[in-house]
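Chemist: Position one of the sequence shown corresponds to residue -11 (the numbering used here), numbered consecutively onward. Dropping a structure here in structure tokens format, bear with me for questions.
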Amino acid sequence: MFYIALFNYPKGLRNCTRQVNYLALIQRKRFIRLAICWGVLALSVAAHAQKTSKIGRFSVDKPIGCAPLTINISELDNFGNISRQYLYGDSTPVTNSTTHTFNTPGTFNIVQVIGLDINPKTDTLEITVNSPEPPQVTVANCRNFSASVKVPASPYDYYRVYYTAVDSVDVLAGNYAVPHDYGVAGSFPVRVKGFYNGGNDGCGETNVMINTRRELTDPILNSMETFQDSTMLISATLNSGISYVLQVSENNGSTFSEIPLVFQGNQILLDQLLPMTNDYCFRLAAYDPCNNEYYYSNTLCQVSLAASFEQYRNLLNWIPPGTAAQSFEIYRNDTLYYQSANAQATQYPDSTLICNTDYCYQIKVNYPVGFAMSQVVCGTSFEKQNLAPITGIYSTYHGDDLFFSWQGTEQAGPNTTYQTMYSFDGSNFSTGATFRSDVSEQVVSNPQFLKNSYSYTIRYSDECDNLSPPGTITRPVFLNSEQQQTNTFHLTWNRYLPLTDGVRQYYVDLWDINMVLLTTFDVWDPTFYELRLTSEYSNAAYVTVRAEGLGVDADFVTTSNRRAIAFHSDLYLPSAFTPNGDGLNEEFGVKGPEVSDFIFRIYNRWGELVFYTTEQPKGWNGVFKGAHAPQGTYRYYVEGTDAGGRLIKKSGNFVLLKN
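Here it is, written out as structure tokens:
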């Protein structure tokens, strides 16, 4: 049996010759005590750490190890020459062999069965077989061509570091191994193997390369950037084989503390590990474990940006990023916008803006080495102002659409957004159509505007979403038509508003189906006209009212909405006739205006056609098949098309009388 003793020597004893190989070999009886000058704590490990079964009848030489693990059983009972059988718990059959190999990882319960009539007949012992995982080791270079290896805290109890074929050292889990002095610059292979206390020699190992150097160079922080979610990304230039730690100070302080994070490649992400109530400066420290020395990088400080979006300007504020800063740059919407050599500036007002526009800002602070970027801060610019109302609003109907024009304002620029408003009583306005226009006029199509007489006004908004008050009120002429009797219509409308000197004259215009003007009637009542259609205007289809201004508004003309009308052709047929030769009422015919496509038919009571003609002036004289038709009731049918293109169909009964 032998022991390994590891001691934590004071710094003054670190210069022992060939530190890794500095051994004091003292042989006493059956023990060898091994003293290593560079260690962590005292450890005593039995070379053959026997483990005894529950009731002490047997023991194993390796109660833990890595697969494949071969164990040997020592029988401790005094039962003499009897049978002893073993179940090893790994699906192998019962056996009397005291040597067994476990080929797979797991926890196994060894059962010993005694060949005596004794109670208990069995005894048990548990062993652990682990997978031979290679340890994850970290190479640590030191100055003057020395190097060390840091071993992980798990899974093994201790590790053996083979610096060369003949130089090795054991180290407890989670510690740096005793360094080795290679004496020259170069690349050297190192093998690290993991062990369990009392285990076998078959656990995992890792092979790494150590590149020795005379001096350790200072690390370099290249950049740091703060993000909106309070995380920070730090990038650095690192050298392989050197242990680095990240150090932080608060609010530009001079005292640094370590952050327990590891670089991934050349970057490290700080994910909300630090309270965001402070601002931080960072530096890297390269650690030389052989000499317990640190080499420090440049310092970069966090840039915390705040922005207030105010009337006419966006005001940026930030905390001075330390005295080492040389200059700063402002990026607006990902483009360099402003730069200054005054690195201690804390504020910048941006007034070169387009209102109602989104702006995102970021500050970059430049150091002699490296730079720091703030988080991105975004907002929308604005400008509040009072807009003048629109004046001189004019309105008229164009067919079924309403046309507006108005006097422009200086504040209503190109592509201004306008909004119509309408009211039935002239006071409570509702929102109508919204449109964009480069000129001071617009045609609005809205079925609602054809239902009633409304007052209208217009307001507008600028590019900053400032909204003007409603403009002057206009009330276009809105026409209603009510038919009183055949071909007679009562036309009513409202007075047009506003005109400075009023309306000089109202007119009623008559139009055909294609909106070709047929005639105009002068109107002396400002809100009423009785329209009587005659056959002269049988093709009339629409009517409108027109108003002309007076005085300063002499050139003003506005037109109402249109109303559909129709001339009705009345065809008259009597209820009886007397074809008796007295010269009175001798023919039964159609009286009234001339129609086209005329057809006139008469049938007797038995459904026989007694008369037919396509000549409108021609009537029936009461003769059927060369003889006078008998007295009685007959039925007529008339068809035709009037001058307005409307189809006419009429039918009825009449009486033929002899007297």
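Heads up, the beta-carbon is just placed ideally off N, CA and C, and yes, glycines get one too. If you're wondering where the values come from, they're calculated on a predicted model, not measured in any experiment.
Leaving out the 5 sequence neighbours to the left and right, which residues in its chain are closer than 6 angstroms to residue 326 when beta-carbon positions are compared?
Modeler: 318, listed in sequence order.
Chemist: What would DSSP say about residue 27, mapped onto helix, strand or coil?
Modeler: Any reading at residue 27 needs caution, since the residue's pLDDT is 40, under 50, leaving its predicted position unreliable; the model's value is listed next. The answer is coil: DSSP assigns residue 27 none of H, G, I, E or B.
Chemist: The beta strand (DSSP E) with residue 205 in it runs from where to where?
Modeler: Looking at the DSSP string, residue 205 is not in any beta strand (DSSP E), and its letter there is neither H nor E.
Chemist: Quick check on this structure: which residue in 125, 203, 117, 506 has the alpha carbon closest to the alpha carbon of residue 191?
Modeler: Of 125, 203, 117, 506, the residue nearest in Cα terms is 117.
Chemist: Round the Cβ separation of residue 288 and residue 360 to the nearest angstrom and send it over; I've been treating them as touching at under 8 angstroms.
Modeler: The pair is a contact, with the Cβ atoms about 5 angstroms apart (cut-off 8 angstroms).
Chemist: Given 8 angstroms as the limit, is there contact between the segment 440 to 448 and the segment 457 to 466, that is, 3 or more CB pairs closer than that?
Modeler: Result yes; three or more Cβ-Cβ pairs closer than 8 angstroms.
Chemist: If you reduce the DSSP assignment to three classes, tell me which class residue 296 lands in.
Modeler: Looking at residue 296 - three-state DSSP - the assignment turns out to be strand.
Chemist: Can you tell me whether DSSP reads residue 538 as helix, strand or coil?
Modeler: Reduced to three states, the DSSP call for residue 538 is coil.
Chemist: Using only the alpha-carbon positions, how far apart do residue 268 and residue 240 sit?
Modeler: Cα-Cα distance, rounded: 7 angstroms.
Chemist: With distances taken from CA atoms, which of 125, 536, 246 is nearest residue 493?
Modeler: Residue 536 is the option with its Cα nearest to residue 493.
Chemist: Determine whether the beta carbon atoms of residue 517 and residue 551 lie at a separation below 8 angstroms.
Modeler: Against a cut-off of 8 angstroms, the Cβ pair of residue 551 and residue 517 comes out as no contact.
Chemist: Give me the Cα-Cα distance between residue 49 and residue 77, rounded to the nearest whole angstrom.
Modeler: Residue 49 and residue 77: Cα-Cα distance of roughly 17 angstroms.
Chemist: Cα-Cα, which of 91, 297, 84 is closest to residue 56?
Modeler: That would be 91, whose Cα lies nearest to the Cα of residue 56.
Chemist: For the candidate residues 496, 512, 513, 511, whose alpha-carbon lies nearest to that of residue 505?
Modeler: Cα-wise, what sits closest to residue 505 is 496.
Chemist: Let me check one thing: in DSSP terms, what residues is residue 179 bridge-paired to?
Modeler: Per DSSP, 150, 195.
Chemist: Can at least three beta-carbon pairs, one atom from the segment 135 to 150 and one from the segment 209 to 216, be found at a separation below 8 angstroms?
Modeler: Verdict: no, contact absent.
Chemist: Can you round the beta-carbon distance between residue 115 and residue 61 to whole angstroms, since I take them to be within the 8 angstroms contact cut?
Modeler: Incorrect: roughly 11 angstroms between the Cβ atoms, too far for contact.
Chemist: Could you have a look at residue 90 and say whether DSSP puts it in helix, strand or coil?
Modeler: Residue state, collapsed to three classes: strand.
Chemist: My assumption, with CB atoms under 8 angstroms, is that residue 450 sits in contact with residue 375. Please give the rounded CB distance.
Modeler: Right, their Cβ atoms sit about 6 angstroms apart.
Chemist: Can you find at least 3 beta carbon pairs, one from the segment 382 to 396 and one from the segment 355 to 370, that sit closer than 8 angstroms?
Modeler: Taking 8 angstroms as the limit for Cβ pairs, the verdict is that the segment 355 to 370 does not touch the segment 382 to 396.
Chemist: May I ask you to report which of helix, strand or coil DSSP gives residue 7?
Modeler: Since pLDDT at residue 7 reaches only 32, below the 50 mark, its modelled position is unreliable, and the value read off the structure follows with that caveat. Helix at residue 7.
Chemist: Tell me the DSSP secondary structure of residue 398 in three-state form.
Modeler: In the structure shown, residue 398 sits in coil (DSSP, three-state: anything other than H, G, I, E or B).
Chemist: Buried or exposed for residue 130, going by 16 or more other Cβ atoms inside 10 Å?
Modeler: Classification for residue 130: buried.
Chemist: Using only the alpha-carbon positions, how far apart do residue 281 and residue 275 sit?
Modeler: Answer to the nearest angstrom: the Cα atoms are 6 angstroms apart.
Chemist: Rounded to whole angstroms, what's the CA-CA distance from residue 157 to residue 233? Just pull it up for me.
Modeler: Taking the straight line joining both Cα atoms gives about 26 angstroms.
Chemist: Which residues mark the beginning and the end of the beta strand (DSSP E) in which residue 586 is found?
Modeler: That run of the beta strand (DSSP E) goes 584 to 591.
Chemist: What residue range does the beta strand (DSSP E) around residue 640 cover?
Modeler: 635 to 644 is the extent of the beta strand (DSSP E) around residue 640.
Chemist: Starting from residue 246, follow the beta strand (DSSP E) in both directions and report where the run begins and ends.
Modeler: That run of the beta strand (DSSP E) goes 245 to 247.
Chemist: By how many angstroms is the C-alpha of residue 623 removed from the C-alpha of residue 599?
Modeler: If you take the alpha carbons of residue 599 and residue 623, they lie about 11 angstroms apart.
Chemist: May I have the straight-line CA-CA distance separating residue 418 from residue 437, to the nearest angstrom?
Modeler: Each residue's alpha carbon lies about 12 angstroms from the other.
Chemist: Just verifying my parser: in three-state terms, what is the DSSP assignment at residue 332?
Modeler: Coil.
Chemist: How would you label residue 220, buried or exposed, when you count the other beta carbons within 10 angstroms and need 16 or more for buried?
Modeler: Buried: at least 16 other Cβ atoms inside 10 Å.
Chemist: Going by the DSSP bridge assignment, what does residue 304 pair with across the sheet?
Modeler: Residue 304 pairs with 295, 336.
Chemist: Decide if residue 153 is buried, meaning its Cβ has at least 16 other Cβ atoms within 10 Å, or exposed.
Modeler: Label assigned to residue 153: exposed.
Chemist: Alpha carbon to alpha carbon, how far is residue 297 from residue 488? Give it in angstroms, no decimals.
Modeler: Their Cα atoms are separated by approximately 46 angstroms.
Chemist: Suppose contacts are defined by Cβ-Cβ distances below 8 angstroms. Is residue 412 in contact with residue 434 by that definition?
Modeler: Taking 8 angstroms as the Cβ cut-off, residue 412 and residue 434 do not qualify as a contacting pair.
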